Amino acid sequence: MLHTNLSINEKGHLCLAGQDVCDLAEKHGTPLFLMDEERIRSNARTYIDAMAEFMPEGSRPLLASKSCCFKKLYSIVAEEGMGTDLVSPGELYTAAAAGFPLENAFFHGNNKTDADIAYAIDSGVGYFVVDNREELDSVNETAGKKGITQNILLRLSPGIDPHTQKKISTGKVDSKFGTAIETGQALEMCRYALTLKNVSLKGFHCHIGSQIFEYESFADAAEIMLRFIRTLFDDCGFTTEMLNLGGGFGVRYVESDPIIDYRENIKGLAGEIKRICRELSIKEPAILMEPGRSIVADSGLTVYSVGSVKTITGYKSYVSVDGGMPDNPRYALYESDYTCLIANKADREPDFSATVAGRCCESGDLIQEDVMLTRPERGDYLAVLVTGAYNFSMASNYNRIPRPPVVMLRDGESYVAVKRETYEDLLRNDM
Ligand SMILES: *Cc1c(COP(=O)(O)O)cnc(C)c1O
């Protein structure tokens, strides 16, 4: 099947990590997020091991918290030895609550408030990834008041377009993120940062986008960053310790997506970085990467119950499920591809073309259009594969729908990592 943790059992039911998805749906109810803990761990180890083997000392991956964020996940990746990148005080609070070692946390965001900055410094966050001049001043001032020196990276925009979707491409010169190299503003920011007493500049960050399937785009970004690092060295003798290349490799959501070998790509990227550093006669900085989806996406799937199957004669068919854009807004946001199948009929040929619709009062509340399913009926379980990233973390209570639980699978057992929300939870803050 699409990923090696998916299979079909003798009943014809879809299995994740060897466990019957329909039995789990029976036990925990739908909609339901399932996650394969061992897959998260093995994805983490692939990055950790390859980066340790092929890249300079100190190189390692950081989990991009925005891809998925709850306490247990932080414990799992911390146990494997990943750091993390955080974009909000809420993510930071969650990591802290999980006992995540915050010295390995990198605090991102293009508009951190003074309160966010103070909170992160008080929490002992390892590094700020500073986006802009106002933030730089605020971090310096706040660190000064607390009597510390805060480690920082500066986020730069390398000015390249990795030819991914517009909304998930972020490294272009006119992006809202970071400071542009091309315009000379990045060099100015560095000179300025080096004059400040309560920040210690350790290196640079860039993020060119997501769903990138070969390392060449990362190597292009690395080359621009390394040339900048050389320019800065010539300008003021500054030696860069860390280069953070941002979000990780792409993930296979549908059969037509390529199969990607992360280890080989990390090896290839490491080779390019080594070559460029040699050419530029600079010391190789430690490399950081921030994989999100490639750590968690293929660990997860969503199970829904089918409600109605509506054929508009002469037009099309809709299969409606008991979730939708509140638990997975990605198709509504950017028409993301997903693989859908009827989990209790997984051994039968898909023979029915349908659009999978959610339950919200929005025509755009769709999970996927025109997919082939085994003829569905009310009460069937519909699974959407590879939903471990950007589903739970993007979930909302739109239409006052409680968020689904996250159930983890490990060693033939399942446990609840995040409970299903209740109606009382929905009223928690109503006065
Ligand atoms: C989104 C993002 C990531 C993670 O991207 P994935 O495609 O999930 O690996 C990492 N770093 C930054 C700065 C991001 O914006």
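Under the working numbering, the first residue of the sequence shown carries the number 1105, and numbering increases by one thereafter. Every residue gets a Cβ at the ideal spot worked out from N, C-alpha and C, and that includes glycine. Fair warning: this is a prediction, and the values are worked out from it, not measured in the lab.
Residue j beta carbon less than 8 Å from that of residue i
| i | j | result |
| --- | --- | --- |
| G1228 | E1207 | yes |
| V1493 | H1117 | Contrary to the premise, residue 1493 reads as Ala rather than Val in this sequence. Contact flag unset, no. |
| F1232 | F1204 | no |
| V1181 | A1148 | yes |
| R1482 | S1403 | no |
| F1281 | S1304 | no |
| A1323 | V1355 | no |
| N1348 | L1489 | no |
| A1390 | M1329 | no |
| Y1319 | T1150 | no |
| R1164 | M1155 | yes |
| C1464 | N1495 | no |
| C1444 | L1470 | no |
| I1377 | E1388 | yes |
| S1242 | I1221 | yes |
| I1285 | A1325 | no |
| T1198 | L1166 | no |
| N1113 | D1124 | yes |
Beta-bridge pairing of residue i - partner residues as DSSP gives them
| i | result |
| --- | --- |
| F1496 | DSSP output for F1496 lists no bridge partner at all. |
| I1112 | L1118 |
| F1210 | D1189 and Y1231 |
| H1309 | R1259 and N1348 |
| R1452 | DSSP, once it has assigned bridges, lists no residue as partnering R1452. |
| T1406 | F1137 and V1488 |
| Y1519 | M1512 |
| V1460 | V1423 and Q1472 |
| T1415 | S1421 |
| E1394 | G1351 |
| D1150 | For clarity, residue 1150 is Thr in the given sequence; the question names Asp instead. Looking at the DSSP assignment, T1150 forms no beta bridge with any residue, so it has no partner. |
Proximity test, residue i beta-carbon vs ligand 1 heavy atom, cut-off 7 Å
| i | result |
| --- | --- |
| K1540 | Residue 1540 lies beyond the stretch modelled for the chain, which goes from 1105 to 1535, so this question has no answer here. |
| R1397 | yes |
| A1493 | yes |
| G1352 | yes |
| S1314 | yes |
| E1394 | yes |
| D1189 | yes |
| H1311 | yes |
| H1107 | no |
| H1212 | yes |
Rounded separation between residue i and residue j - CA only
| i | j | result |
| --- | --- | --- |
| P1509 | T1406 | 10 Å |
| F1342 | A1297 | 11 Å |
| K1301 | N1215 | 22 Å |
| Y1442 | C1294 | 42 Å |
| R1507 | C1172 | 14 Å |
| Y1357 | R1434 | 12 Å |
| V1410 | E1368 | 41 Å |
| F1137 | S1457 | 25 Å |
| D1218 | D1153 | 37 Å |
| V1460 | E1453 | 18 Å |
| L1373 | A1121 | 31 Å |
| L1240 | N1448 | 54 Å |
| E1238 | I1312 | 23 Å |
| E1327 | I1399 | 25 Å |
| P1480 | M1159 | 49 Å |
| S1321 | R1514 | 35 Å |
| Q1472 | F1308 | 38 Å |
| M1105 | I1363 | 12 Å |
| S1314 | S1518 | 31 Å |
| K1371 | D1235 | 29 Å |
| R1528 | L1392 | Per the sequence shown, the amino acid found at residue 1528 is Glu instead of Arg. When rounded, the distance between both Cα atoms is 42 Å. |
| H1107 | R1143 | 10 Å |
| A1375 | D1338 | Reading the sequence as shown, one finds Gly at residue 1375 and not Ala. Answer to the nearest angstrom: the Cα atoms are 24 Å apart. |
| E1383 | R1334 | 11 Å |
| L1336 | Y1408 | 54 Å |
| L1190 | S1497 | 13 Å |
| G1133 | R1524 | 9 Å |
| L1196 | D1226 | 11 Å |
| R1062 | I1416 | Here the chain comprises residues numbered 1105 to 1535, so residue 1062 is not present and cannot be evaluated. |
| V1425 | D1278 | 40 Å |
Inter-residue CB distance, residue i and residue j (contact presumed, cutoff 8 Å)
| i | j | result |
| --- | --- | --- |
| G1351 | A1168 | 6 Å |
| A1202 | K1175 | 4 Å |
| F1353 | I1386 | Not a contact, Cβ separation roughly 25 Å. |
| G1396 | A1436 | About 20 Å; that fails the 8 Å criterion. |
| N1255 | K1306 | 5 Å |
| Y1485 | I1446 | 7 Å |
| A1521 | M1512 | 5 Å |
| T1283 | R1259 | 7 Å |
Chain C contact for residue i (CB, 8 Å cutoff)
| i | result |
| --- | --- |
| D1324 | The structure shown contains no chain C, having only a single protein chain. |
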